[in-house]
Amino acid sequence: MDHDHYADNYIRDLLDEVKTIAVVGASANAARPSFFVVRYLAQKGYDVYPVNPGHAGKQIAGCMTYASLGAVPVAIDMVDIFRNSEAALGVVQDALALQPLPKAIWMQLGVRNDEAAALAQEHGIKIVMNRCPKIEFGRLSGEIGWVGVNSRVLSSKRATLHGKGFQQLGLASRRDKP
Amino acid sequence: MTSDHQPGFSTLAIHAGAQPDPTTGARVTPIYQSTGFVFDDVEHAAALFGLQSFGNIYTRIGNPTQAVLEERVAALEGGTACLAVASGHAAQLIVFHTLMEPGDEFIAARQLYGGSVNQFTHSFKKFGWTAKFVDMDDISAFEKAVTPRTKAIFIESLANPGGRVSDIAAIAAVAKRAGVPLIVDNTMATPYLCRPIEHGANIVVHSLTKFMGGHGNSLGGAIVDAGNFDWSREGRYPALCEPRPDYSGMVLHETFGNFAFAIACRVLGLRDLGPCISPFNAFQILTGIETLPLRMQRHCDNALKVANYLSQHGEVEWVNYAGLPGDRHHGLAQTYLPKGAGAVFTFGVKGGYEAGVAVVSNVKLFSHLANIGDTRSLIIHPASTTHRQLSDAAKKSAGAGPEVIRLSVGIEDADDLIADLAQALAVAAKA
Ligand SMILES: Cc1ncc(COP(=O)(O)O)c(C=O)c1O
Numbered sequence: 001m002d003h004d005h006y007a008d009n010y011i012r013d014l015l016d017e018v019k020t021i022a023v024v025g026a027s028a029n030a031a032r033p034s035f036f037v038v039r040y041l042a043q044k045g046y047d048v049y050p051v052n053p054g055h056a057g058k059q060i061a062g063c064m065t066y067a068s069l070g071a072v073p074v075a076i077d078m079v080d081i082f083r084n085s086e087a088a089l090g091v092v093q094d095a096l097a098l099q100p101l102p103k104a105i106w107m108q109l110g111v112r113n114d115e116a117a118a119l120a121q122e123h124g125i126k127i128v129m130n131r132c133p134k135i136e137f138g139r140l141s142g143e144i145g146w147v148g149v150n151s152r153v154l155s156s157k158r159a160t161l162h163g164k165g166f167q168q169l170g171l172a173s174r175r176d177k178p
Numbered sequence: 001m002t003s004d005h006q007p008g009f010s011t012l013a014i015h016a017g018a019q020p021d022p023t024t025g026a027r028v029t030p031i032y033q034s035t036g037f038v039f040d041d042v043e044h045a046a047a048l049f050g051l052q053s054f055g056n057i058y059t060r061i062g063n064p065t066q067a068v069l070e071e072r073v074a075a076l077e078g079g080t081a082c083l084a085v086a087s088g089h090a091a092q093l094i095v096f097h098t099l100m101e102p103g104d105e106f107i108a109a110r111q112l113y114g115g116s117v118n119q120f121t122h123s124f125k126k127f128g129w130t131a132k133f134v135d136m137d138d139i140s141a142f143e144k145a146v147t148p149r150t151k152a153i154f155i156e157s158l159a160n161p162g163g164r165v166s167d168i169a170a171i172a173a174v175a176k177r178a179g180v181p182l183i184v185d186n187t188m189a190t191p192y193l194c195r196p197i198e199h200g201a202n203i204v205v206h207s208l209t210k211f212m213g214g215h216g217n218s219l220g221g222a223i224v225d226a227g228n229f230d231w232s233r234e235g236r237y238p239a240l241c242e243p244r245p246d247y248s249g250m251v252l253h254e255t256f257g258n259f260a261f262a263i264a265c266r267v268l269g270l271r272d273l274g275p276c277i278s279p280f281n282a283f284q285i286l287t288g289i290e291t292l293p294l295r296m297q298r299h300c301d302n303a304l305k306v307a308n309y310l311s312q313h314g315e316v317e318w319v320n321y322a323g324l325p326g327d328r329h330h331g332l333a334q335t336y337l338p339k340g341a342g343a344v345f346t347f348g349v350k351g352g353y354e355a356g357v358a359v360v361s362n363v364k365l366f367s368h369l370a371n372i373g374d375t376r377s378l379i380i381h382p383a384s385t386t387h388r389q390l391s392d393a394a395k396k397s398a399g400a401g402p403e404v405i406r407l408s409v410g411i412e413d414a415d416d417l418i419a420d421l422a423q424a425l426a427v428a429a430k431a
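Heads up: the sequence lines are chains Z and D, in that order. Here UniProt numbering is used: the first sequence runs in plain steps of one and ends on residue 178. Here UniProt numbering is used: the second sequence runs in plain steps of one and ends on residue 431.
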C-alpha cells in the first residue's frame with residue numbers, strides 16, 4: 001500500500017464506517033490542534049474518547065477522557081494517534097491488545113511509522129498516516145472550501161447537509177460511485 | 001470520475017470549488033448577498049469563532065460565493081488555499097501585513113505595475129516597511145539586496161506594462177537561500193499561461209480585475225498559498241509562528257499546516273484591515289474564470305498578430321512583446337509562457353508625444369482607458385495619462401517615454417484590431 005497517496009474513496013469509506021474514535025494524545029488546551037480534532041469529530045456525530053492519562057476523568061471538548069486505550073468502556077472503531085512518530089508503535093501495540101480490534105488506525109499530520117503500520121495491517125486494520133481526519137472530513141464533504149482551501153474534489157452532485165444544522169455537510173454526495 | 005484521475009485546467013476552471021447548492025439545487029453558484037450567517041447553535045458559534053470548525057460568520061471574513069472563487073483560484077494555481085479580497089492592491093497589502101513587522105524590508109523587481117510601485121514606495125512607508133527595488137533581469141542584484149531584515153521577494157511573472165518575463169525559478173532559488181517566501185503577481189499571465197508555484201513560488205497574488213474576471217466589470221484580488229514554505233522558524237514570521245492572543249494562544253502554522261498562510265491572511269489581515277470582496281463581484285469573476293482558457297488563448301493569439309503587424313509598420317519605432325522571436329525576453333517566454341506571452345505590451349510610435357496622443361485619439365475600436373485584461377481591446381498613452389506627473393527622465397526610466405503606447409489586446413477579430421490601428425497610425429503620421 002502506498003502511504004504517500006490515499007484514494008479519496010479509501011478515506012471516505014473509512015470515515016463512513018467508523019462510529020467510535022479514540023484520540024490518543026488529545027490535549028485539554030483549546031488552542032491545540034488535537035483539541036480541534038476532538039471537537040470537530042464530536043460535532044460530526046462521532047463518539048469521541050480522548051485518551052490522556054494526565055486528564056483522565058475530566059472532559060475535553062465535552063468528551064470524557066480516559067487514561068489508556070484499554071480503559072475506554074466501548075469498542076473502539078478507530079484510534080487516532082496524536083503522538084510523535086516513534087511513539088506511534090507503542091500506541092499500535094496497545095491497540096492490538098483491544099478486544100475487539102479497531103477497524104482503523106489513523107496517524108495525524110506529521111506522524112508516520114511504517115513499522116507500526118505494517119504491524120496493524122497484518123491484523124487486517126486499515127491504516128492512514130500523516131493526515132488529519134478533520135481536514136479530510138472537511139475536504140471530502142466540501143466544508144473546507146468555506147475557508148478557501150483547495151479540496152481537490154470535483155462533483156456535480158448536490159452537497160448533502162449533515163446533522164441538524166445548515167452549516168454542516170456530510171460525506172455522502174461526493175462519492176465516486178453510488 | 002475516479003479520485004485518482006487528475007482533471008485538466010479547463011475542467012477545473014468550470015468546476016473547482018462549485019457544487020450544486022445543498023438546499024435549492026441551484027447549479028450555478030448563487031450570489032449569497034448576505035452580511036451574516038445564522039449559527040446552528042451556541043456551541044457551533046463558539047467553534048466557528050475559535051477557528052475549530054469550517055463555516056460562515058460574517059462576510060468581512062468569508063462568504064459562500066467568495067469561497068467558491070477562492071477554491072477555484074487555488075485549484076487553477078495548484079495551491080493549497082486561497083483568499084479572495086476586494087482588489088489586487090488589497091491582496092498585496094494583506095500579504096505584506098501578514099509577513100512584515102515595522103522596520104522590515106522586502107525586495108521587489110523594479111519592473112512592476114506602476115500602482116504597485118506607488119503602494120510599496122509611499123503607502124508601505126507609513127507601516128515602517130521598506131521596499132528595495134532591483135532590476136528584474138539581474139538575479140545577482142536580488143541576491144545582493146538580501147539583509148537580515150528581508151522578509152520576502154516580490155516579482156510579476158509577466159511584468160506590466162513592459163511585457164517582460166521574470167526568471168521565476170532563478171529568483172525562487174535566491175528566495176530559498178535567503179529563507180524568505182517568493183511572492184509572484186500572476187495577474188498578467190494568469191495560471192492558464194504560467195503556474196508560478198511549479199517554478200518555486202511560495203505565494204501567488206492576483207488582481208482578479210484583469211484577465212481572470214476578464215470582462216472589465218468587477219474589481220477583485222486573490223492571495224494563493226502554495227503550502228510549500230516552512231513558517232516555523234523562531235521569531236521570523238510572528239503572525240504564523242507565535243501564539244495568537246486573539247485566538248487563545250493558537251499558533252497558526254501548527255494548527256493549519258500547509259494552508260496556514262491563507263488562514264492567517266483571512267483571520268488576521270482581512271478580519272482587521274477589512275477589504276473584503278463583494279459577493280456580486282465574486283460571482284462575476286467566477287463566471288469570467290469559466291472561460292479563462294478560451295479567452296486567454298485568443299488574447300495571446302490576437303496579441304501576437306497585432307504585435308507582428310506593428311513590428312513591420314513604417315510608423316512604429318519598436319515593439320516590446322516577448323512573443324516576438326527577436327524580443328530579448330523571448331527565450332524566457334518560451335520557458336515560462338509556452339502557450340503565449342500574454343496580451344499586454346508596449347510599442348513606440350514615430351513622432352513622439354504628439355504622435356502618441358494622435359494614435360489614442362483616433363482609434364475607433366480600441367478604448368482609451370486605464371485598465372487591462374478586458375474582452376475589449378484597450379489603449380493608453382502613459383506619458384499623457386498615468387505617468388503624466390513624472391519628469392521626462394522619470395517617464396523614460398519607467399518605460400513611459402513620450403512615444404510609448406500600451407495595448408491590452410482583446411478577443412475581437414484580429415483583422416479589425418489591425419485595421420483600427422492602421423487607420424489611427426495613418427492619421428498620426430499626417431499630423
Ligand atoms: C500586474 C498588476 N498587479 C496589481 C494590480 C492592482 O490590481 P487592482 O487594480 O485590482 O487593485 C494591477 C492593476 O492594474 C496590475 O496590472
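Note that beta-carbon positions come from the ideal geometry of N, C-alpha and C, so glycine has one too.
Report task. Could you spell out where the alpha helix (DSSP H) holding ILE289(D) opens and where it closes? Result -> For this step, residue 289(D) is matched to residue 289 along the second sequence. Here the alpha helix (DSSP H) through ILE289(D) covers 279 to 290.
Query raised in the report: Taking C-alpha atoms, which residue in PHE283(D), LYS430(D), SER116(D), GLY50(D) lies nearest to TYR32(D)?
Result: The residue you call residue 32(D) lines up with position 32 of the second sequence. For TYR32(D), the nearest C-alpha among the options comes from PHE283(D).
Requested in this report: List the residues of chain D that ARG83(Z) touches, going by C-beta distances under 7 Å, in chain order.
Outcome: The residue labelled residue 83(Z) in the question sits at position 83 within the first sequence. None at all; the shortest Cβ gap to chain D is about 15 Å.
Query raised in the report: According to DSSP, what are the bridge partners of ALA118(Z)?
Result: As a working note, residue 118(Z) is residue 118 in the first sequence. For ALA118(Z), which the question treats as bridged, DSSP gives no partner whatsoever.
Query raised in the report: Taking C-beta to C-beta, are THR255(D) and PRO50(Z) nearer than 8 Å?
Result: Position 255 of the second sequence holds residue 255(D). Position 50 of the first sequence holds residue 50(Z). Not closer than 8 Å, so no.
Requested in this report: Give the single residue among PRO181(D), ASP104(D), VAL363(D) whose Cα lies nearest to the Cα of ARG149(D).
Outcome: For the purposes of this step, residue 149(D) is identified with residue 149 of the second sequence, where counting begins at 1. Of the candidates PRO181(D), ASP104(D), VAL363(D), the one whose C-alpha sits nearest the C-alpha of ARG149(D) is ASP104(D).
Report task. Compute the Euclidean distance between the alpha carbons of SER207(D) and GLU234(D), then round it to the nearest angstrom. Result -> Looking up residue 207(D) in the second sequence gives position 207. Looking up residue 234(D) in the second sequence gives position 234. So the alpha carbons of these two residues sit roughly 32 Å apart.
Query raised in the report: Applying a beta-carbon distance threshold of less than 7 Å, which residues of chain D neighbour ASN150(Z)?
Result: Locating residue 150(Z) in the first sequence gives position 150, where the first residue counts as 1. GLU71, ALA74, ALA75, GLY79, THR80, ALA81, listed in chain order.
Query raised in the report: Should ALA222(D) and VAL149(Z) be called a contact, given that it needs their Cβ atoms to be closer than 8 Å?
Result: On the second sequence, position 222 is the one that residue 222(D) refers to. On the first sequence, position 149 is the one that residue 149(Z) refers to. Not in contact: ALA222(D) and VAL149(Z) (Cβ atoms no closer than 8 Å).
Query raised in the report: Who are the Cβ neighbours of GLN297(D) in its own chain at under 7 Å, not counting the five residues just before and after it?
Result: Locating residue 297(D) in the second sequence gives position 297, where the first residue counts as 1. Excluding sequence neighbours, GLN297(D) sits near LYS339, GLY340.
Query raised in the report: Is CYS194(D) helix, strand or coil when you go by DSSP?
Result: Within the second sequence, residue 194(D) is the residue found at index 194, counting from 1. In the structure shown, CYS194(D) sits in coil (DSSP, three-state: anything other than H, G, I, E or B).
Report task. Spell out whether any CB of chain Z is found under 8 Å from the CB atom of PHE54(D). Result -> Indexing the second sequence from 1 puts residue 54(D) at position 54. PHE54(D) counts as touching chain Z.
Query raised in the report: For a contact meaning CB atoms closer than 9 Å, what does TYR192(D) contact in chain Z?
Result: To locate residue 192(D), count along the second sequence from 1; it is residue 192. Simply none; closest approach about 17 Å.
Query - Interface flag, VAL111(Z) vs chain D, CB-CB below 8 Å - result: On the first sequence, residue 111(Z) is found 111 positions in, with the first residue counted as 1. VAL111(Z) does not count as touching chain D.
Query - Residue-level contact to chain Z via CB, ARG266(D), 8 Å cutoff - result: Taking the second sequence and counting its residues from 1, one reaches residue 266(D) at position 266. So yes, ARG266(D) belongs to the interface.
Report task. Report back the beta-carbon spacing between PRO20(D) and ALA26(D) to the nearest angstrom; my notes put them in contact at under 8 Å. Result -> Mapped onto the second sequence, residue 20(D) falls at position 20. Mapped onto the second sequence, residue 26(D) falls at position 26. Confirmed, Cβ separation roughly 7 Å.
Query raised in the report: Any Cβ of chain D within less than 8 Å of the Cβ of LYS126(Z)?
Result: Translated into positions along the first sequence, residue 126(Z) becomes position 126. For LYS126(Z), the answer is no, since every Cβ of chain D falls outside 8 Å of its Cβ.
Query raised in the report: On the three-state DSSP scale, how would you describe ASN118(D)?
Result: In the second sequence, counting from the first residue as 1, residue 118(D) sits at position 118. Helix, per DSSP.
Report task. Output the residue ranges of the alpha helix (DSSP H) runs that lie fully inside the segment 26 to 94 of chain D and measure 4 residues or longer, sorted by chain position. Result -> 42 to 49, 64 to 77
Query - Candidates THR346(D), THR291(D), THR335(D), LEU332(D): closest to GLU317(D) by CA position - result: Residue mapping note: residue 317(D) aligns to position 317 of the second sequence, counting from 1. The candidate whose alpha carbon is nearest that of GLU317(D) is THR346(D).
Query - Unbroken stretches of the beta strand (DSSP E), 3 residues or longer, contained in the segment 330 to 398 of chain D - result: 344 to 349, 378 to 380
Report task. Would you mind sorting PRO243(D) into buried or exposed? The rule is 16 or more other CB atoms within 10 Å of its CB. Result -> Here the question's residue 243(D) lines up with position 243 in the second sequence. Exposed is the call here.
Query raised in the report: Between the segment 272 to 295 of chain D and chain Z, which residues of the former have a C-beta closer than 7 Å to a C-beta of the latter?
Result: none
Query raised in the report: Can you tell me whether GLU143(Z) is buried or exposed, with buried defined as 16 or more other CB within 10 angstroms of its CB?
Result: Here residue 143(Z) corresponds to residue number 143 of the first sequence, with the count starting at 1. By the neighbour-count rule (16 or more Cβ atoms within 10 Å), GLU143(Z) is buried.
Requested in this report: Could you confirm whether any beta carbon from chain Z is found closer than 8 Å to the beta carbon of ASP40(D)?
Outcome: Within the second sequence, residue 40(D) is the residue found at index 40, counting from 1. It does; some Cβ of chain Z falls within 8 Å.
Query raised in the report: What are the complete beta strand (DSSP E) segments, minimum 3 residues, inside the segment 132 to 183 of chain D?
Result: 150 to 156
Query raised in the report: Taking the alpha-carbon positions, what's the VAL85(D) to SER156(Z) distance?
Result: Sequence index remark: in the second sequence, residue 85(D) carries index 85 (1-based). Sequence index remark: in the first sequence, residue 156(Z) carries index 156 (1-based). Spanning the two alpha carbons is a distance of roughly 27 Å.
Requested in this report: Please list the partners that SER248(D) has in chain Z, where partner means a Cβ-to-Cβ separation under 8 Å.
Outcome: In the second sequence, counting from the first residue as 1, residue 248(D) sits at position 248. Those within 8 Å of SER248(D) in chain Z are ALA30, ALA31.
Query raised in the report: Closer than 9 Å, Cβ to any Cβ of chain D: which residues of the segment 147 to 171 of chain Z, in chain order?
Result: VAL147, GLY148, VAL149, ASN150, SER151, ARG152, VAL153, LEU154, SER155, SER156, LYS157, ARG158, ALA159, THR160, LEU161, GLY163, LYS164, GLY165, PHE166, GLN167, GLN168, LEU169
Query raised in the report: Is the Cβ-Cβ distance between ASN160(D) and MET136(D) less than 8 Å?
Result: The residue labelled residue 160(D) in the question sits at position 160 within the second sequence. The residue labelled residue 136(D) in the question sits at position 136 within the second sequence. Not closer than 8 Å, so no.
**Report entry** Between the CA atoms of VAL24(Z) and GLY170(Z) - distance to the nearest angstrom
**Finding:** Counting from 1 along the first sequence, the entry for residue 170(Z) is found at position 170. Counting from 1 along the first sequence, the entry for residue 24(Z) is found at position 24. For GLY170(Z) and VAL24(Z), the distance between alpha carbons rounds to 25 Å.
Query raised in the report: Within 7 Å: the Cβ of GLU143(D) and any heavy atom of ligand 2?
Result: The ligand content of the structure shown is limited to ligand 1, which means ligand 2 is not among them.
Query raised in the report: Is there contact between the segment 105 to 112 of chain Z and the segment 79 to 90 of chain Z, where contact requires at least three CB pairs shorter than 8 Å?
Result: yes
Query raised in the report: Which residue spans inside the segment 47 to 99 of chain Z form an unbroken alpha helix (DSSP H) run of at least 4?
Result: 87 to 96
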